[in-house]
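In my numbering, the protein residues as written are 1289 to 1734. Where a beta carbon is used, it is the ideal one built from N, C-alpha and C, also for glycine.
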């Protein structure tokens, strides 16, 4: 499916500040090779013929092509769409270079033959791993322009080369303008009979490329700086992700319960994404960006969800995280831990992040007008019994006060503190003590 539609890209920074920019990355797109379906052109008619290159998992776990630096190449043909009288040109590709086997240059993509009547445009790497771009006009031998920066071997980089009708050539590396220059001649050779090739030039000189190529795009217009940045960020965020999967289960019976699994941004409580459970096991699967902190819960009919927190900070790309969610029936006597409730250290003051968790309780009081609950506070055994008892009572009362402030009737909520009397884990470890410090929600009447 064409991934270059009119898009509104939201780039999630590690700070969770959303940066949005609306661009049309399908405008002027002549050919697009995501390589997930081989060398198929999903934007035009220029399907490639693979000559030795290996189709294998690449940058994001999706498919890419690797080239052996000897004979491998992909021929994309010489369709009329590649030879128009363009007002500009853009070549875009993700590259992961290996060792350059030609002492001069390695071909990333080129319609080139060392013949001024056939030469058209191309991108190469020189022996110093600098990006080289050239656009030919009839009868003129082009020198090309060279990037200032050198690519890192065995690392993925996003390379973009643009040409404008005034002869201006720009090279971008990883979303940023790296070098700007001028072609030697004027205009662009629209009479080229040379086919566009990836990984090897063949004619004139071989110039084989060793490494991987992915996400190849050709435009009949120059992309602007902002568009290049968005295209880079789009490709970057495609990779910077983890996969979260699990089931929704009844905590008492371990039986599957169907519904929706909702992921919220912990910073502001906004819904990041949600997905329905599937199959006989009420399973779910969702993709999250790296560097975030999320609350997740199951939205199920007549059940209370034991909400959880999930951090994707310091996770690895494409890591699979398994996380089952548990729910309990909304029945008298049932209780559940409110996991995403946070207090200031040794105090009963609620952290603002807790409000999002408590706000999820409010709809139950609207759906069940006679719902009456107990909020119970619990501590670990660090400190005196008296201090822990007082702290547990104060924290339960703090939660009660918040809910009443949101419109819940006073007589529907009881707040009690149990101090350290009802541990659910050992107090001999940090993990156990953390489990014992909690607030629980119990149904008294319905």
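So which of the options has the shortest CA-CA distance to residue i?
i            : options                   : result
residue 1378 : 1345, 1430, 1319 and 1352 : 1319
residue 1363 : 1540, 1399 and 1464       : 1399
residue 1315 : 1708, 1324, 1376 and 1550 : 1376
residue 1361 : 1451, 1448, 1483 and 1387 : 1483
residue 1449 : 1443, 1477, 1479 and 1413 : 1413
residue 1373 : 1452, 1328 and 1565       : 1452
residue 1699 : 1626, 1604 and 1663       : 1663
residue 1779 : 1345, 1621, 1648 and 1440 : Outside the displayed span of the chain (1289 to 1734) sits residue 1779, for which this structure offers no information.
residue 1389 : 1338, 1381 and 1358       : 1358
residue 1584 : 1601, 1614, 1602 and 1405 : 1614
residue 1417 : 1408, 1410, 1441 and 1429 : 1441
residue 1523 : 1487, 1542, 1495 and 1463 : 1463
residue 1513 : 1653, 1443, 1458 and 1431 : 1458
residue 1353 : 1631, 1533 and 1501       : 1501
residue 1356 : 1368, 1338, 1371 and 1367 : 1338
residue 1487 : 1336, 1424 and 1648       : 1336
residue 1731 : 1675, 1620 and 1715       : 1620
residue 1673 : 1706, 1365 and 1405       : 1706
residue 1630 : 1722, 1536 and 1485       : 1722
residue 1439 : 1382, 1407, 1391 and 1404 : 1382
Since residue i contacts residue j with CB under 8 Å, what's their CB separation in whole angstroms?
i            : j            : result
residue 1748 : residue 1683 : Nothing about residue 1748 can be read from this structure; the chain reaches only from 1289 to 1734.
residue 1497 : residue 1395 : 5 Å
residue 1470 : residue 1435 : Contact doesn't hold; Cβ gap of about 15 Å is too wide.
residue 1447 : residue 1411 : 7 Å
residue 1650 : residue 1734 : With 8 Å as the limit, residue 1650 and residue 1734 do not qualify as a contact, their Cβ atoms being about 16 Å apart.
residue 1551 : residue 1539 : About 20 Å; that fails the 8 Å criterion.
residue 1595 : residue 1628 : 5 Å
Please return the same chain residues whose Cβ sits closer than 7 Å to the Cβ of residue i, not counting the five positions on each side in sequence.
i            : result
residue 1349 : 1606
residue 1646 : 1687, 1690 and 1691
residue 1493 : 1402
residue 1304 : With a pLDDT of 33 at residue 1304, under the threshold of 50, the modelled position of this residue cannot be trusted; read the value that follows with caution. Only 1553, 1555 and 1580 meet the Cβ criterion.
residue 1489 : 1395, 1398, 1400 and 1495
When you compare only the Cα positions, how much space is there between residue i and residue j?
i            : j            : result
residue 1526 : residue 1578 : 10 Å
residue 1591 : residue 1608 : 27 Å
residue 1554 : residue 1667 : 24 Å
residue 1321 : residue 1624 : 50 Å
residue 1334 : residue 1570 : 43 Å
residue 1476 : residue 1426 : 7 Å
residue 1718 : residue 1693 : 34 Å
residue 1626 : residue 1519 : 41 Å
residue 1742 : residue 1601 : Because the chain here runs from 1289 to 1734, residue 1742 falls outside it and cannot be looked at.
residue 1617 : residue 1327 : 52 Å
residue 1679 : residue 1351 : 56 Å
residue 1312 : residue 1516 : 11 Å
residue 1641 : residue 1661 : 22 Å
residue 1531 : residue 1643 : 27 Å
residue 1728 : residue 1573 : 28 Å
residue 1387 : residue 1529 : 29 Å
residue 1657 : residue 1317 : 57 Å
residue 1479 : residue 1370 : 10 Å
residue 1330 : residue 1665 : 58 Å
residue 1323 : residue 1708 : 59 Å
residue 1455 : residue 1474 : 6 Å
residue 1735 : residue 1384 : This structure leaves residue 1735 out entirely; the chain is present only between 1289 and 1734.
Looking only at its chain, what residues have a beta carbon closer than 8 Å to the beta carbon of residue i, apart from the 5 residues adjacent to it on each side?
i            : result
residue 1589 : 1547
residue 1568 : 1544
Leaving aside the five residues before and after residue i along the sequence, list all residues of the same chain whose C-beta is less than 6 Å from its C-beta, in chain order.
i            : result
residue 1581 : 1554 and 1599
residue 1702 : 1662
residue 1653 : 1659 and 1696
residue 1340 : 1359 and 1360
residue 1491 : 1401
residue 1289 : Unreliable placement is indicated for residue 1289, whose pLDDT of 40 sits below 50; no coordinate value is reported for it.
Kindly indicate if chain C contains any beta-carbon less than 8 Å away from that of residue i.
i            : result
residue 1444 : Note that chain C does not occur in the displayed structure, where there is just one protein chain.
Enumerate, from N- to C-terminal direction, the unbroken alpha helix (DSSP H) stretches of 4 or more residues contained entirely within the stretch 1323-1385. Counting only runs of 4 or more, we get nothing.
Extract the residue ranges of the alpha helix (DSSP H) inside the stretch 1519-1576, only unbroken runs of 4 or more that lie entirely within it. none
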